[in-house]
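Working notes, structure below.
Residue numbers (the numbering used here), protein chains in the order written: chain S, 1 to 355; chain L, 356 to 710.
If you want it as structure tokens, here you go:
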């Protein structure tokens, strides 16, 4: 038996487009393995939105976006007729309200200052009775407890496994699989752009050329300061603190947040002479009062530290637990597909049949 | 709101006893975090069983077992009265039928030849309307499809995350988190006893003294041939094939199953001269027809292979996927507590409130 699930997709950048691509490539697997037929009934980018209750062709929408045009200009086709009113110039919040999709996927760019417009989209989705999948960290960093409560009050699902290390199941493992654990310490490398820049610098490249290469690989945030100044890493740590460690936290609770800008060629050479590797490390560690202290900063690690072996484009995490041992997980993933795959995983978890 | 859940615990060896210990230690966390109050109403070991609908004191049962006495001799106490009929000499299958617990935990020793008595316990549990948590691989290796169908037909939950690498979430990650993936290859080190023996041999110890040390650490299977001849590893690979790779398989499909008995000091020295490390590796790899070929055998690995870095008491897995990158996960766990913690995780997943 197959279940029809309608989606509203907010944000058509790298991740949103990769998600459309996966909807096409994985259509058969979704039906056979999870009993799901997913159809995108609304989509929005910064130029506007398009809504068609009959469903938008994901391959055509993807081609449209790749040709440089906005969602608001995507033609809605009915047989041989192109409906002139197909493209509605709506802000995404209005679109979410109108479309009444079963599940809203929010993949618009991170706004560190306000979490908008993702946060209002998230509120509109859950308040309007839709499940919500977030690829955008902004709403969680600004209003984690509010969104959890809103989901519970409306009896809807909220999932965000894509927001921390893409396809590496950090939130899911921490929340579900480390069940009943006392997590004593978390350490991780959560930003592959800064990790790859440090790796390139260790090979002798300049900071600037390494950053350019990361941007060309399409994985750096549009605003590179998020990656290299540690804010993307801090965002992910805040999400882990709230969801896995069950300690309410915002960015203000991460101290310090220090990026990789201070790593000079001279420091790099000195570290290599000591056989140490520099990594941008997020840490959550208990203080004597039992609260987790959260920090993001470069650390010089000996070669046998698991995080020293998280290389180039990899990301990784170390969970130190009381009853489930020391767990060390890493992923080598490139480009936006793995993050989009994590979004699809969340849609499956919320809407598919139980696995 | 707290939910009362009754448990029948079959098997009181290392894992069963560690599970009782966790029920005591984690009582508050279970109530606060998962809304669960778990009570053991029946317990059995090879000597017999005990059943009390009011609930057995887990700490007292643990002390009783640690003093060397069997479950059938555990006194059922009602106020100041010790009920003489408390200990019933029942085989575990009868006990499961009588106790009508909400959830049956099957943690009796692996029987490779028939899967019994675990398999009949599993049938009685699911057929009688209980959820089933398996720490025992035997029933799964012998009758995976039958048990999945029985759970579905009865609308009950079946979980077995403890059967593959204890606390490392192999089955859960493979089945739920690698959603919609095409898994191209799986490689893993699934048996920490043989891994620690190989590590000790690499340090110059003899096979015999290394095996003795593993047995004293309480982690080796009662029958060490399961560990060192590769059958425990093969069992876990069969479970992964059935549950994650969705390819029906039994032990007969794993070829070869080769243990570590052939690793001599001379071979070890030659490998070290090549800077290679020997590991007992399980592999599932696609053949040209699209079927997974399953094998277990020692492999000589270069130092930069992730599995070469799975040291001593660690276990680990490498998932090679199409859309979620290359995922490499390992765990350092000792003794039976982490496996018991995985059993508790499964009870929480099946019976607790959603996370």
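Ideal Cβ positions, reconstructed from N, Cα and C, are used throughout, including at glycine.
Neighbouring residues, chain S, relative to residue i (Cβ below 7 Å)
i                      : result
residue 524 of chain L : 173, 177
Spatial neighbours of residue i in its chain, beta-carbon cut-off 6 Å, leaving aside the 5 residues before and after
i                      : result
residue 499 of chain L : 597
residue 244 of chain S : 174, 175
residue 4 of chain S   : 37
residue 679 of chain L : 533, 536
residue 235 of chain S : 137, 141
Pairwise C-alpha distance: residue j and residue i
i                      : j                      : result
residue 537 of chain L : residue 349 of chain S : 17 Å
residue 700 of chain L : residue 525 of chain L : 13 Å
residue 139 of chain S : residue 105 of chain S : 13 Å
residue 19 of chain S  : residue 62 of chain S  : 9 Å
residue 147 of chain S : residue 246 of chain S : 14 Å
residue 270 of chain S : residue 278 of chain S : 11 Å
residue 184 of chain S : residue 687 of chain L : 15 Å
residue 628 of chain L : residue 306 of chain S : 25 Å
residue 586 of chain L : residue 594 of chain L : 12 Å
residue 693 of chain L : residue 458 of chain L : 20 Å
residue 584 of chain L : residue 12 of chain S  : 53 Å
residue 84 of chain S  : residue 262 of chain S : Because the pLDDT at residue 84 of chain S is just 49, under 50, the model does not fix this residue reliably, and the point stays unresolved.
residue 696 of chain L : residue 516 of chain L : 10 Å
residue 592 of chain L : residue 72 of chain S  : 50 Å
residue 249 of chain S : residue 315 of chain S : 22 Å
residue 113 of chain S : residue 288 of chain S : 32 Å
residue 607 of chain L : residue 663 of chain L : 28 Å
residue 66 of chain S  : residue 57 of chain S  : 14 Å
residue 613 of chain L : residue 648 of chain L : 15 Å
residue 377 of chain L : residue 386 of chain L : 13 Å
residue 99 of chain S  : residue 394 of chain L : 47 Å
residue 92 of chain S  : residue 266 of chain S : 48 Å
residue 25 of chain S  : residue 33 of chain S  : 14 Å
Beta-carbon neighbours of residue i, restricted to chain L and to distances below 7 Å
i                      : result
residue 29 of chain S  : 535
residue 332 of chain S : 680, 681
residue 338 of chain S : 678, 679, 680
residue 26 of chain S  : 535
residue 249 of chain S : Result: empty, since nearest Cβ-Cβ is about 18 Å, beyond 7 Å.
Proximal residues of chain L, C-beta to C-beta of residue i below 8 Å
i                      : result
residue 348 of chain S : 534, 535
residue 22 of chain S  : 535, 678
residue 145 of chain S : Those within 8 Å of residue 145 of chain S in chain L number zero; the least Cβ separation is about 16 Å.
Residues near residue i in its chain [Cβ-Cβ closer than 8 Å; skip 5 each side]
i                      : result
residue 326 of chain S : 318, 319, 320
residue 425 of chain L : 400, 401, 402, 403
Cross-strand partners of residue i (DSSP beta bridge)
i                      : result
residue 48 of chain S  : S/45
residue 394 of chain L : L/361
residue 657 of chain L : L/631
residue 544 of chain L : L/671
residue 329 of chain S : S/317, L/684
residue 103 of chain S : S/7, S/131
residue 648 of chain L : L/640
Partners in chain S for residue i, counting only beta-carbon separations shorter than 8 Å
i                      : result
residue 664 of chain L : 309
residue 492 of chain L : Ordered by position in chain S, no residue passes the 8 Å Cβ test against residue 492 of chain L, which lies about 19 Å from the chain.
residue 497 of chain L : Going along chain S, no residue has its Cβ under 8 Å from residue 497 of chain L, so there is no contact; the nearest lies around 22 Å.
residue 684 of chain L : 327, 328, 329, 330
Contact list for residue i against chain L, beta-carbon separation under 9 Å
i                      : result
residue 344 of chain S : 534, 535, 678
residue 152 of chain S : The contacting residues do not exist; residue 152 of chain S stays about 10 Å from chain L at best.
Contact under 8 Å by Cβ, residue i with residue j
i                      : j                      : result
residue 90 of chain S  : residue 132 of chain S : no
residue 414 of chain L : residue 364 of chain L : no
residue 119 of chain S : residue 150 of chain S : no
residue 16 of chain S  : residue 124 of chain S : no
residue 561 of chain L : residue 635 of chain L : no
residue 569 of chain L : residue 552 of chain L : yes
residue 470 of chain L : residue 451 of chain L : no
residue 578 of chain L : residue 546 of chain L : no
residue 390 of chain L : residue 357 of chain L : yes
residue 490 of chain L : residue 698 of chain L : yes
Close Cβ partners of residue i (< 7 Å) along its chain, the five nearest in sequence each way excluded
i                      : result
residue 650 of chain L : 609, 610, 611, 638
residue 485 of chain L : 456, 457, 458, 459, 511
residue 199 of chain S : 311, 312
residue 567 of chain L : none
Residue i: CB within 7 Å of a non-hydrogen atom of the ligand SAH
i                      : result
residue 628 of chain L : In the structure on display, the ligand SAH does not appear, and there are no ligands present to speak of.
Cross-chain neighbours of residue i in chain S, by beta carbon under 9 Å
i                      : result
residue 426 of chain L : Residues of chain S passing the Cβ test: none, with the nearest at roughly 24 Å.
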